[in-house]
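Asks: I am attaching a structure below and will ask some questions about it afterwards.
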Amino acid sequence: MATGTEYLTKWPKFFFDILSVVGLNPRGVDLYLRILMAVDAELVDRDVVHTSEEARRNTLLKDTMREQCIPSLVESWYQILQTYQYTNSELTCQCLEVVGAYVSWIDLSLIANERFINMLLGHMSIEVLREEACDCLFEIVNKGMDPIDKTKLVETLCQVLQSAGLFIVDQEEDVDFLARFSKLINGIGQALIASWSKLVKIGDLKNAQDTLQAIEAKVALMLQLLIHEDDDISSNIIGFCYDYLHLLKQLPVLSEQQKANVEAIMLAVMKKLTYDEEYNFENEGEDEAMFVEYRKQLKLLLDRLAQVSPELLLVSVRRVFNTTLQNWQTKPFMEVEVAIRLLYMLAEALPVSHTAHFTGDTKASALQDMMRTLVTSGISTYQHTSVTLEFFETVVRYEKFFSLEPQHIPNVLIAFLDHRGLRHTNPKVRSRISYLFSRFVKFLNKQMNPFIEDVLNRIQDLLELSPPENGYQAFLTSDDQLFIYETAGVLIVNSEYSTERKQALMRNLLTPLMERFKVLLEKLVIAQDEDRQMALADCLNHAVGFASRTSKAFSNKQTVKQCGCSEVYLDCLQTFLPALSCPLQKEVLRSGVRTFLHRMIICLEEEVLPFIPSASEHMLKDCEAKDLQEFIPLINQITAKFKTQVSPFLQQMFMPLLHAIFEVLHQPAEDNDQSAALEKQMLRRSYFAFLQTVTGSGMSEVIANQGAENVERVLFTIIQGAVDYPDPIAQKTCFIILSKLVELWGGKDGPVGFADFVYKHIVPACFLAPLKQTFDLADAQTVLALSECAVTLKTIHLKRGLECIQYLQQEYLPSLQVAPEIIQEFCQALQQPDAKVFKNYLKVFFQRAKP
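The sequence shown begins at 4 in the numbering used here and counts up one residue at a time.
This is how it looks when you write it as structure tokens:
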């Protein structure tokens, strides 16, 4: 801020000069107030990030202003307010805003005195000024100060506000003003509670008791604001309610009045959780989003209530719940929804001692009673989406109840499967139920056995795979169908059926998918229209995704093999793999099949291996950076899992894969094409990750068997990766590979010529990389790369011993013009048995070496 530096050095009378020029001329006053707000924004605004230099300057400016001119500025504000309070509301409001902004960092006694406060309170009864006056008083209340002084200040304020009739909320019709007033009362309540906490902490119990009385005296007003029908007014007071409940939780015993207050807050929360008539469930806009946020705040209050008095909360919810459900047919949806919602919220709100609710003791818990009422009352047929959803959400939240009373499962299953659930007219409901149904079945899989075939028959039509044709809209989206397929898989795999039966059911589930896949793939190959091609490719991709999802049901206890399902998944593989050679919509199809392969490597283990070579061959045909980058993790997964079992395959496809990678990396790109550069960087990382997996899985012979020329080419790419590209993630991987190769090949019996390579290329790489300007030792990833570089040098020393030290002392380090004493020091550090010592030394070594 130019004025800032000038004010301190060249223009110390800046503010006085402005005041003398401006006088009380309205346009001048307007400019003066704007300047003051700009000064405050620059010096105090916490949203602006300042450097430490700017922060120091700002503190100096504030100190200087406090010393030299703040009293005069405050006097000028008083004059402006007095002059314009009845004639120019705009300037008055502007001035009140300035006072509110400056209060936080100037001497409070300049403002919190009789003449100023009386004027502000006068403004509270002038309609055009009172919102701004409210905000100004809020800032005064918010100022940090000694707890006893704070209580006195707040109490003085409250007496005057009360005598001005402002505490009678129900006579006030201006909701905008009430929202500001509610914020002020919230500030007052929270300030008093903060003072009480400080006084208790320092053991001043007498003053703490006085402050507590002051707090209690505001609770009736707080409750009026909390229950107000306008949610903004209610929302602004929640902080006070929350802190008040926290205070009660700390008291050893509650008075009758405090218990009554807790109950009143509870009833207010229950009432305010209720939807408005106007809430638009079909097309939720900004108002609806705000109510959802407001409901979250109320949930926090409910959780706090549960901590203060869990018994009371349980009794109150039970009363509301039972009254509503006794004759739900005659109740509006809002009341029914909130009754179920409260039961749902209890699960999280009540402490564990109360939620160990389904323990099966004879004296059935309150929650168990409510759940029984919920599932036997017929409320699932209520015709409103909010009630329907709340019913299913609660059923799934209290799934343990059904383990205790399994007789209720059939009715709830039917509700899930008919027009109340998966066949509801509303797509949003169907979508959520798809997910909830899968949760319900997963949790209760032990109890599902009697219903499995019936459920599978009933969901049959929901599993259909059909591209959107002739404007036909599928009943469930493909994302929803994923959950249905997973549910079907869970039912079959966890059933108590014989292996043969499981196998047959799984085949019934997956065969229609495979048949549909073949038909659609034929259609895709001859499709002319691009939109049609995309629709078909998406549909094929969904088919693969569905088959993949059914396999999520298997576990270590229930493997694919044990359930007799290997064959059907191998058939799926055989059906899906031809999509890899389809010339159209390559990216979509390859991505789907690749994901399925990842899944099958886990599920089918070595039975997958025969399919890998041809799949790889197809995926390496005319591929781009992204294809390769996504293909490499698949090869890494196979390599890491099967190790030497896949060695012959890896040897065979090693160079074709590398050629494909090098071809893409060497393609010329535009200088400023950021995305192409990033894709190449990611591909380079994937390539090094592949080499790391191969060497780390103990299969360095895969590289060694590629012929001398190819081996050399690969080794040079690793050196290049370690030194030439400023990408610390890739550099780290390259050093990991290098130390692994040194460990495997660097001994006396290593491959011919490798020792030579170590001295000519690997040792220099360990120095050239960190010496580069781009190698930033302040960056965490780079430090990790340096750490691996240290490991590489340690490994070379381990394998080559004294020869390595001599090479460094006599040849390499002198060639870098390193001073003899530093060479000595370096070699001593390298010979330390503790690797950590050398890692730390290396960092210091390069910090010193860099200009």
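Just so you know, even glycine gets a beta-carbon here, dropped at the ideal spot from N, CA and C.
These figures come from a predicted structure and were not determined experimentally.
Would the stretch 519-536 count as touching the stretch 447-456 if we require 3 or more Cβ pairs under 8 Å?
Replies: Flag = no, the stretch 519-536 and the stretch 447-456 do not touch.
Asks: Please classify PHE19 as buried or exposed, where buried requires at least 16 neighbouring CB atoms within 10 angstroms.
Replies: Position 16 of the sequence shown, counting from 1, holds the residue named residue 19. Exposed is the call here.
Asks: My guess is that CYS585 and LEU524 are in contact by the Cβ rule of under 8 Å, so how many angstroms apart are they, rounded?
Replies: Locating residue 585 in the sequence shown gives position 582, counting from the first residue. Locating residue 524 in the sequence shown gives position 521, counting from the first residue. Confirmed, about 7 Å.
Asks: Sorted by chain position, which residues of the same chain lie with C-beta nearer than 7 Å to MET4's C-beta, five sequence neighbours on each side aside?
Replies: As a position in the sequence shown, residue 4 is number 1, starting the count at 1. Annotation note: pLDDT 43 at MET4 (below 50); position unreliable, no value reported.
Asks: Inspect the beta-carbon positions of ALA276 and ARG298 and report whether they are closer than 8 Å.
Replies: For the purposes of this step, residue 276 is taken as residue 273 along the sequence shown, with counting starting at 1. For the purposes of this step, residue 298 is taken as residue 295 along the sequence shown, with counting starting at 1. This sequence places Leu at residue 276; Ala is not what is there. In this structure, ARG298 lies closer than 8 Å to LEU276 by Cβ.
Asks: Take TYR500 as the anchor and find which of GLN561, MET537 and SER469 has the nearest alpha-carbon.
Replies: Numbered from 1 along the sequence shown, position 497 holds the residue referred to as residue 500. It is GLN561 whose Cα lies nearest to the Cα of TYR500.
Asks: With GLU666 as the anchor, note down where its alpha helix (DSSP H) starts and where it stops.
Replies: Taking the sequence shown and counting its residues from 1, the one referred to as residue 666 is at position 663. Run containing GLU666: 650-668, per the alpha helix (DSSP H) assignment.
Asks: Any idea what DSSP makes of ASP364, helix, strand or coil?
Replies: Working through the sequence shown from its first residue, we reach residue 364 at position 361. With a pLDDT of 47 at ASP364, under the threshold of 50, the modelled position of this residue cannot be trusted, and the question is left open.
Asks: Helix, strand or coil: which one does DSSP assign to HIS621?
Replies: The residue you call residue 621 lines up with position 618 of the sequence shown. DSSP places HIS621 in helix when its eight states are reduced to three.
Asks: Got a sec, what are the start and stop residues for the alpha helix (DSSP H) ASP43 sits in?
Replies: Working through the sequence shown from its first residue, we reach residue 43 at position 40. ASP43: member of the alpha helix (DSSP H) spanning 29-46, first to last residue.
Asks: Near PRO74, what residues of its chain come up, given a Cβ to Cβ distance below 7 Å and the 5 sequence neighbours on each side ignored?
Replies: Here residue 74 is taken as the residue at index 71 of the sequence shown, counted from 1. Hits under 7 Å: LEU113.
Asks: Would you be able to state if there are at least three C-beta pairs under 8 Å between the stretch 743-760 and the stretch 810-830?
Replies: In the pairwise beta carbon analysis, the stretch 810-830 is classified as not touching the stretch 743-760: fewer than three pairs are separated by under 8 Å.
Asks: GLY595 by DSSP, collapsed to three states: which one?
Replies: Taking the sequence shown and counting its residues from 1, the one referred to as residue 595 is at position 592. In the structure shown, GLY595 sits in a helix (DSSP, three-state: H, G or I).
Asks: How is GLU489 classed by DSSP in three states: helix, strand or coil?
Replies: As a working note, residue 489 is residue 486 in the sequence shown. Shown here, GLU489 sits in a helix according to DSSP, grouped into three states.
Asks: With a threshold of 8 Å on Cβ separation, who are the neighbours of GLY31 within its own chain once the five nearest residues in sequence on each side are excluded?
Replies: The residue given as residue 31 occupies position 28 in the sequence shown. Cβ within range, chain order: VAL24 and VAL25.
Asks: Measure from the alpha carbon of VAL106 to the alpha carbon of each residue in CYS139, GLU93 and LEU132, then state which is nearest.
Replies: Along the sequence shown, one-based indexing puts residue 106 at 103. The residue with the shortest Cα to Cα distance from VAL106 is CYS139.
Asks: Skipping 5 residues on each side, what residues in its chain have a beta carbon closer than 6 Å to that of LEU181?
Replies: As a first step, residue 181 must be located in the sequence shown, where it is residue number 178. GLU175 and ILE236, listed in sequence order.
Asks: Between LEU694 and the rest of its own chain, which residues show a CB-CB distance below 6 Å, the 5 nearest in sequence each way excluded?
Replies: The count along the sequence shown starts at 1 and reaches residue 694 at position 691. Excluding positions up to five away in sequence, the list reads ILE740.
Asks: Helix, strand or coil for PHE170, going by three-state DSSP, please let me know.
Replies: Here the question's residue 170 lines up with position 167 in the sequence shown. Three-state result, PHE170: coil.
Asks: So, at 7 Å on beta carbons, what are the nonlocal neighbours of LEU641 in its own chain, with the 5 sequence-adjacent residues on each side left out?
Replies: By 1-based counting over the sequence shown, the position of residue 641 is 638. Per the sequence shown, the amino acid found at residue 641 is Ile instead of Leu. Within the same chain, ILE641 has close Cβ partners ILE604, ILE615 and VAL649.
Asks: Rounded to a whole number of angstroms, what is the C-alpha to C-alpha distance between LEU304 and ILE196?
Replies: To locate residue 304, count along the sequence shown from 1; it is residue 301. To locate residue 196, count along the sequence shown from 1; it is residue 193. Cα-Cα distance, rounded: 17 Å.
Asks: State buried or exposed for PHE719, treating a residue as buried only when at least 16 other CB atoms are found within 10 Å of its CB.
Replies: Here residue 719 is taken as the residue at index 716 of the sequence shown, counted from 1. Per the 10 Å Cβ criterion, exposed.
Asks: Among LEU94, GLU93 and SER185, which has the Cα closest to the Cα of LEU164?
Replies: On the sequence shown, position 161 is the one that residue 164 refers to. Nearest option by C-alpha distance: SER185.
Asks: What whole-angstrom Cβ distance do HIS465 and LEU479 have, given they're in contact under 8 Å?
Replies: For this step, residue 465 is matched to residue 462 along the sequence shown. For this step, residue 479 is matched to residue 476 along the sequence shown. According to the sequence shown, residue 465 is Leu rather than His. Contact flag correct, Cβ pair sits at about 6 Å.
Asks: Is it true that the CB of LEU516 sits closer than 8 Å to the CB of LEU527?
Replies: Indexing the sequence shown from 1 puts residue 527 at position 524. Indexing the sequence shown from 1 puts residue 516 at position 513. Cβ distance not < 8 Å, so LEU527 and LEU516 don't count as in contact.
Asks: Could you compute how far the alpha carbon of GLN827 sits from the alpha carbon of GLN812?
Replies: Translated into the one-based positions of the sequence shown, residue 827 becomes position 824. Translated into the one-based positions of the sequence shown, residue 812 becomes position 809. Their Cα atoms are separated by approximately 7 Å.
Asks: List the whole-angstrom C-beta distance separating PHE405 from SER441, where the pair is believed to meet the contact cut-off of C-beta under 8 Å.
Replies: Residue mapping note: residue 405 aligns to position 402 of the sequence shown, counting from 1. Residue mapping note: residue 441 aligns to position 438 of the sequence shown, counting from 1. Going by Cβ atoms, the distance from PHE405 to SER441 rounds to 15 Å, so no, they are not a contact pair.
Asks: Are MET656 and SER619 touching if we call contact CB-CB under 8 Å?
Replies: Here residue 656 refers to the residue found at position 653 of the sequence shown. Here residue 619 refers to the residue found at position 616 of the sequence shown. With respect to SER619, MET656 sits close: the two C-beta atoms are nearer than 8 Å.
Asks: Comparing alpha-carbon positions, which option in TYR762, ASP782 and LEU796 lies nearest LYS743?
Replies: Position 740 of the sequence shown, counted from the start, is the residue given in the question as residue 743. When each option's Cα is compared against that of LYS743, the closest is LEU796.
Asks: Measure how close the beta-carbons of PHE336 and GLU402 come, nearest whole angstrom, since I'm counting them as under 8 Å.
Replies: As a first step, residue 336 must be located in the sequence shown, where it is residue number 333. As a first step, residue 402 must be located in the sequence shown, where it is residue number 399. Actually they do not touch by this definition, with Cβ atoms about 25 Å apart.
Asks: So within the stretch 689-775, which uninterrupted alpha helix (DSSP H) runs reach at least 4 residues, ignoring any that extend past its ends?
Replies: 703-707, 711-726, 731-748, 757-760 and 766-774
Asks: From LEU111 to ILE143, what does the alpha carbon distance come to, in whole angstroms?
Replies: Mapped onto the sequence shown, residue 111 falls at position 108. Mapped onto the sequence shown, residue 143 falls at position 140. Rounded to whole angstroms, LEU111 to ILE143 spans 8 Å at the Cα level.
Asks: Kindly give me the distance between the Cβ atoms of ALA115 and LEU76, rounded to whole angstroms, as I take these residues to be in contact under 8 Å.
Replies: Along the sequence shown, read from residue 1 onward, the residue named residue 115 stands at position 112. Along the sequence shown, read from residue 1 onward, the residue named residue 76 stands at position 73. The pair is not a contact, with the Cβ atoms about 16 Å apart (cut-off 8 Å).
Asks: Mapping the DSSP letters down to three states, classify ILE240 as helix, strand or coil.
Replies: Taking the sequence shown and counting its residues from 1, the one referred to as residue 240 is at position 237. In this structure, ILE240 counts as coil in the three-state DSSP scheme.
Asks: Taking all protein chains shown into account, decide if VAL51 is buried (16 or more other Cβ within 10 angstroms of its Cβ) or exposed.
Replies: One-based indexing of the sequence shown puts residue 51 at position 48. Looking at its Cβ environment, which holds fewer than 16 other Cβ atoms inside 10 Å, VAL51 is exposed.
Asks: Say whether the stretch 240-253 touches the stretch 205-214, bearing in mind that this needs 3 or more beta-carbon pairs closer than 8 Å, one atom from each stretch.
Replies: no
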